[in-house]
Amino acid sequence: MNKFNLSLFLAVCIMGCSYTSTGKPINPSPDNKYNLGIRSDGAYGKAYINHTIKKIYIWIEENSNQKLIFNTTLQIKASDLEFNVIWDKNYNVTIECYDYGDNVSNYNGMDKSIPKRILRVIKIVYRDNKFFLLKN
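Convert by adding 1 to the 1-based position in the sequence shown; the result is the number in my numbering.
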C-alpha cells in the first residue's frame, strides 16, 4: 500500500460516516400525475437515530416527464425521522414528520407499539396549476 492510499484509508477510518440519508423517493398522487419525493439527511458524524437536526428535501415532479415543478428544504430536530405522505384528490399534500421518541429507532417503536410522536405537519397546496408550501 503506497503512502497516499494509507493516508486515505486512515482518514476514512478516523472520520467515519459523514451522515446518513434516508427517505421516500416516490409517492405518487392518486391519479399518478405527480410524484412527491422526500429525503432527509442526518447530522454529520452522528448516528441517524440520535436526536439531532435533520435536513429535509421535498420535491414534486410531473410523472410523465419527470419535470421538477416544486422543491423546498426544511429542518427539523428528530431521532429516527419518518414520513407519512397523504395526497388528496385536489393534489394537496400533507406530510406527517414523526419519530418514536429520543434515540428510539423506528423498528423498536413499531415492534413495541410505542405511539408515534408527530413532530411537524407539512402542508403543500395546489392552486392555479402550482404547488405552494403553507407556512406553519
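C-beta: ideal position from N, C-alpha, C; glycine also.
Taking the C-alpha atoms as reference points, what is the distance between residue i and residue j?
| i | j | result |
| --- | --- | --- |
| K34 | K90 | 11 Å |
| L75 | L37 | 15 Å |
| I54 | T23 | 14 Å |
| N107 | D129 | 38 Å |
| W88 | G46 | 34 Å |
| M111 | E83 | 12 Å |
Excluding five sequence neighbours on each side, which residues of the same chain lie with their C-beta closer than 6 Å to the C-beta of residue i?
| i | result |
| --- | --- |
| I59 | I39 and T73 |
| I27 | N36 |
| E134 | The displayed chain sequence assigns Leu, not Glu, to residue 134. T73 and I125. |
If you measure between the beta carbons of residue i and residue j, is that distance less than 8 Å?
| i | j | result |
| --- | --- | --- |
| Y101 | L120 | no |
Beta-carbon within less than 8 Å of residue i's beta-carbon, same chain only, minus the 5 sequence neighbours each way: which residues are those?
| i | result |
| --- | --- |
| R118 | Y99, D100, Y101 and G102 |
Under a Cβ-count criterion, where at least 16 other Cβ atoms within 10 Å of its own Cβ denotes burial, should residue i be classed as buried or exposed?
| i | result |
| --- | --- |
| E63 | exposed |
| I96 | buried |
Residues in its own chain within less than 7 Å of residue i by CB, not counting five upstream and five downstream?
| i | result |
| --- | --- |
| N104 | I50, N51, H52 and S80 |
Is the shortest distance between the beta-carbon of residue i and the beta-carbons of chain C less than 8 Å?
| i | result |
| --- | --- |
| C98 | The chain inventory of the structure shown lacks chain C, comprising one protein chain alone. |
3 or more residues per run - each beta strand (DSSP E) lying fully within the stretch 22–102: Secondary structure within the stretch 22–102: the beta strand (DSSP E) runs of 3 or more consecutive residues, fully enclosed, are 22–29, 35–42, 53–63, 69–79, 83–88 and 94–100 (chain order).
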